[in-house]
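In full-length UniProt numbering, the protein residues as written are 1 to 134. Backbone N, C-alpha and C define an ideal beta-carbon position, used for all residues, glycine too. Scroll down for the structure; my scribbles are underneath it.
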């Protein structure tokens, strides 16, 4: 009888051990993301943006590489540039010309957005920050 009780205790311990847990086979959809955009600058005379930068991670903080990120004007949603996240989850447009239809005043007043449109694996997310005269 003692042997049966000991076997039941050991079976209970083995079942609750994380190493013995079965892998999760069902996901409820795309992985949720976090995005952070950083302050950029605008060279008014050269009509170009400098240092538009954003960081993309999963909800639990793991960086995501290989995402095409669109940097756009806030409000007007005109594209400024596109960059792909590196292994650390960073996407950066070091400098890029501001297209003619984009209002410099809108950039200075409203800033920019870094946008990931999403796919089957990762949910869409965007981040916003300001642009100042540099």
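Under the three-state reduction of DSSP, residue 104 is assigned to helix.
For residue 126, the enclosing beta strand (DSSP E) stretches over residues 125–129.
Note on geometry: alpha-carbon atoms of residue 100 and residue 42 lie some 14 Å from one another.
Around the CB of residue 98, 16 or more other CB atoms lie within 10 Å, so the residue is classed as buried.
Straight-line spacing of the CA atoms in residue 53 and residue 34 works out to 14 Å. For residue 76, there is no enclosing beta strand (DSSP E), as DSSP marks it with neither H nor E. Looking at the DSSP output, residue 116 sits in a beta bridge with 125. The beta-carbon separation of residue 56 and residue 44, rounded to 29 Å, does not stay under the 8 Å limit for a contact.
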